[in-house]
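Each residue of the sequence shown is one higher than the last, beginning at 1 in the UniProt record's numbering. Backbone N, C-alpha and C define an ideal beta-carbon position, used for all residues, glycine too. Notes to accompany the following structure.
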Amino acid sequence: MNKITLITFLSLFLGACSASKYVSDVSSSDFSWLSILPLKPYKADTPQGSVLRRFTINQLKTGMSKRQVQDIIGQPSIIDPFHNNQWDYIHYTTLGSGDIVNYRLILTFTEGKLSNINTDGIGSLPEMTDKEKAQGVAHIAEKKRLEEVRIAEKETEATIAEERRVAKEKTEAKIEGGNRITKAKEEAHTAKEKIQTKALE
């Protein structure tokens, strides 16, 4: 039993020595695994400035207030203290691949209302996805529906106001007519009393 154990141990030991020699021979050769592996250091994207999307930019409409604009696309990157009627949204990103993405959106306000949307500098922005396009169509349809509801409500309010005005005028006219009749009766009664008084004299 001890001989079998000894033989097994020696065979494993000799096998390890031969494997060690093989690995040593390979590692000492001119072959290098690093020469075939595409090892590159990872570089994260480095974004700076305002992050915009075409979907949100398309929601901007002239006539909006500054607060409404901020609610949609956030604070501008730059507000010139000498020209606070212009807001600049500037973005600059260095991608890990080394490519550079930059864009600039310029908004102009007149008397606190958005008057011009300059999108000449946003050519590098990705196009809208199909989902965003569908959302844009739905947003326009919903906005149109709400506008129609608003117009209908204003027309209803105007109709009710007109009906109230006419009813008020009729009531006032009725009251005034009744007052005239009462006054005429009182004047006739007074005149009659005067005639009777003179007749008694």
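If you look at K113, you'll find it in the beta strand (DSSP E) that goes K113 to G121. In the DSSP assignment, D80 falls within the beta strand (DSSP E) that extends over I78 to D80. Between G123 and L105, the C-beta gap is not smaller than 8 Å, which leaves the two residues out of contact. The distance from the Cβ of G112 to that of K66 is about 6 Å, consistent with a contact at the 8 Å cut-off.
For Q75, no beta strand (DSSP E) segment is defined, and its DSSP state is neither H nor E. Of the residues assessed, H91 falls on the buried side of the cut-off, its CB having 16 or more other CB atoms within 10 angstroms. Boundaries of the alpha helix (DSSP H) harbouring T56: R54 to I57, taken from the DSSP string.
For a cut-off of 8 Å, the C-beta gap from P76 to S50 is around 7 Å, short enough to register as a contact.
A buried status is given to I73, since no fewer than 16 other beta-carbon atoms sit within 10 Å of its beta-carbon. Rounded to whole angstroms, I195 and E155 show a C-alpha spacing of 59 Å.
In the three-state DSSP reduction, T182 falls in the helix class (H, G or I). Contiguous beta strand (DSSP E) elements confined to the region 147–178 do not occur, taking only those with 3 or more residues.
Taking C-alpha positions only, N116 is separated from E153 by approximately 31 Å.
Around the Cβ of V69, a 10 Å sphere holds 16 or more other Cβ atoms; the residue is buried. In this structure, L60 lies near L114, with their beta-carbon atoms less than 8 Å apart.
In the structure shown, the three-state DSSP call for D99 is coil.
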